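Everything on this sheet refers to the single structure shown next.
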Amino acid sequence: MKRTLAILVAALIMVTTIACSVSLNTPLAPSPSPAQVQATNAPIPTLAPPDPNLSQNEEHLVLLYQRVSPGVVSIGVLTAQGGGLGSGFVFDKQGHIVTNYHVVEQATDLEVDFPSGLKVRGKVIGTDIDSDLAVIKVEAPADALFPLPLGDDEKVKVGQTVVAIGNPFGLSGTMTIGIVSAKSRTLESFRQSSSGGTFTAGAIIQTDASINPGNSGGPLLNLQGEVIGINRAIRTTSSTADGEPVNSGIGFAISSGIVKRVVPVLISKGKYDYPYLGVSSREEISLMVQEALGLPSSIGAYITDVVPGGPADKAGLRGGSKPTSIPNLKAGGDLITAIDGHPVRVFGDLLSYLMVYKSPGDTVVLKILRDNTEKEVSVVLGKRP
40 MKRTLAILVA ALIMVTTIAC SVSLNTPLAP SPSPAQVQAT NAPIPTLAPP
90 DPNLSQNEEH LVLLYQRVSP GVVSIGVLTA QGGGLGSGFV FDKQGHIVTN
140 YHVVEQATDL EVDFPSGLKV RGKVIGTDID SDLAVIKVEA PADALFPLPL
190 GDDEKVKVGQ TVVAIGNPFG LSGTMTIGIV SAKSRTLESF RQSSSGGTFT
240 AGAIIQTDAS INPGNSGGPL LNLQGEVIGI NRAIRTTSST ADGEPVNSGI
290 GFAISSGIVK RVVPVLISKG KYDYPYLGVS SREEISLMVQ EALGLPSSIG
340 AYITDVVPGG PADKAGLRGG SKPTSIPNLK AGGDLITAID GHPVRVFGDL
390 LSYLMVYKSP GDTVVLKILR DNTEKEVSVV LGKRP
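Each residue of the sequence shown is one higher than the one before, counting from 40 in my numbering.
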């Protein structure tokens, strides 16, 4: 990359040098004739009328911003290591602000800035390290609080237009636009497992709306002005001179289904308990993996490991145990193809269903494929340890 940039810079310098050389050594052109002057002063053509649909879309986005932006806040954080920035949005008229856990992690002081110019201190009253959510409480006049409505994540479709509003690089009130790129993605959570790894968070929306450091905790909205996600992370290989990651068109947001389920509990109890199945799985099954495992299909969540003594173990589910041609991949595990009648295409589908619809103590029915034979297994879910 550096060599390419150097070649590009050198090429630009060469072009500039040639351009300067030509301008210095080329004889002056003769004075233009009256006809040429008249042509130069000809009136500028008028623009064609704008496309009505384009104008309507533009006006819709303008009105959307005007209606929604009063409910989006900037969050300044002080920690023992220094300061940080994030975003959030007003959840209700009681002064609850929703943001990311990683925005307020280890905060010693919080400032919440409203678009109106109002600035108040905030206090963290609840955190969820699994989904990366946090709730801040502020004391602010009721007329300064503009709660944003939550949308239905089940109605979210890949390809639909979405808008992100937040505080990237400290530029408060920034609006960007994109589409929903995918649903049911997974990300690592902040909760450590007993084996030293991390648990996984599901029900993640992928978007290409521009999201950068400082957008964390801000809303991802549909064109009705409803919050369908909370911007959480980006995937990138580029960074600024200061080491800040740069948007690459792949961003991730916590779905509104998780927000609806978790935030009220964080407000009332300060924490939230997720259901626990006690299995590890590959995110997707490639054709080569399918063949190595001897599976008739690549659709489903393949169980690589079962936690001893966990809910899945007690229900008799099996992980892989037989060596295959692929290093560290073992055959013989169960393939989960449905949960409570809902198809499981990849592991993210299974995890998203559990996180959005189930609680510890609930019973789920898994359809599995074991030794090429279909069967159903009931599992009583535990609580994530």
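Glycine is no exception: its CB is placed at the ideal position from the N, C-alpha and C atoms. All values derive from a computational prediction rather than experimental measurement.
- The beta carbon of residue 161 is closer than 8 Å to those of 114, 136, 149, 150, 151, 175, 176, 177 in its chain, skipping five residues each way along the sequence.
- The stretch 155-173 and the stretch 187-198 do not touch, with fewer than three beta-carbon pairs separated by less than 8 Å.
- Residue 421 is a Cβ neighbour of residue 350, given a cutoff of 8 Å.
- Annotated as proximal: residue 393 and residue 316, with beta-carbon spacing under 8 Å.
- According to the DSSP secondary-structure assignment, residue 258 is paired through a beta bridge with 269.
- Cβ contact annotation for residue 322 (same chain, cutoff 8 Å, sequence separation greater than five): 225, 385, 386, 387, in chain order.
- Separation of residue 97 and residue 262 (C-alpha to C-alpha, rounded to the nearest whole angstrom) is 12 Å.
- Within the same chain, Cβ atoms closer than 7 Å to the Cβ of residue 118 are found at 145, 146, 147, the five residues on either side in sequence being excluded.
- Between residue 344 and the set 320, 328, 355, the nearest pair of CA atoms involves 320.
- Non-local C-beta neighbours of residue 258 in its own chain, meaning closer than 7 Å and more than five positions away in sequence, comprise 111, 128, 187, 204, 266, 269, ordered along the chain.
- In this structure, the beta-carbon distance from residue 417 to residue 404 falls below 8 Å.
- Taking one beta carbon from each stretch, the stretch 333-341 and the stretch 234-244 have fewer than 3 pairs nearer than 8 Å; the two do not touch.
- If you check the CB distance, residue 423 and residue 264 do not come in under 8 Å.
- Between residue 395 and residue 296 the beta-carbon gap is near 4 Å, inside 8 Å, which marks them as a contact.
- Counting along the chain, no alpha helix (DSSP H) covers residue 357, and no H or E run does either.
- As computed with DSSP, residue 127 is found in a beta bridge with 112.
- Apart from sequence neighbours up to five positions away, the residues of its chain that approach residue 294 with a beta-carbon distance below 6 Å are 192, 242, 244, 268, ordered along the chain.
- Residue range 213-231 is occupied by the beta strand (DSSP E) that includes residue 228.
- Your pair residue 379 and residue 356 does not check out as a contact, with CB atoms roughly 16 Å apart and the cut at 8 Å.
- In the DSSP assignment, residue 391 falls within the alpha helix (DSSP H) that extends over 386-396.
- Take residue 359, set aside five residues on each side of it, and the residues of its chain with a beta-carbon closer than 6 Å to its own are 343, 369, 370, 371, 372, in chain order.
- Going by DSSP, residue 403 is part of the beta strand (DSSP E) stretching over 402-409.
- Here residue 116 really is in contact with residue 143; their C-beta atoms are around 6 Å apart, less than 8 Å.
- Among the bridge pairs identified by DSSP, residue 369 is matched with 362.
- For residue 221, same chain residues with a beta-carbon under 7 Å away, outside a window of 5 residues either side, are 197, 245 in chain order.
- Counting every other CB atom within 10 Å of its CB across the protein chains shown gives residue 402 a total below 16, marking it as exposed.
- In the DSSP assignment, residue 301 falls within the alpha helix (DSSP H) that extends over 295-308.
- Residue 289 and residue 272 have their C-alpha atoms some 9 Å from each other.
- With respect to the C-alpha of residue 157, the residue from 140, 182, 139 having the closest C-alpha is 182.
- Taking the Cα of residue 400 as reference, the smallest distance to any Cα among 326, 375, 314 is reached at 314.
- By the criterion of a C-beta distance shorter than 6 Å, residue 325 is surrounded by no residue of its chain, once the five residues flanking it on both sides are discounted.
- Straight across, the Cα-Cα distance linking residue 398 with residue 99 is about 39 Å.
- Closest option to residue 354, judged by alpha-carbon separation, among 381, 318, 131: 318.
- Distance from the Cα of residue 361 is smallest, within the candidate group 217, 410, 347, 382, for 410.
- According to the DSSP assignment, residue 245 belongs to the beta strand (DSSP E) that extends over 237-246.
- In this structure, residue 154 keeps its C-beta atom at 8 Å or more from the C-beta atom of residue 126.
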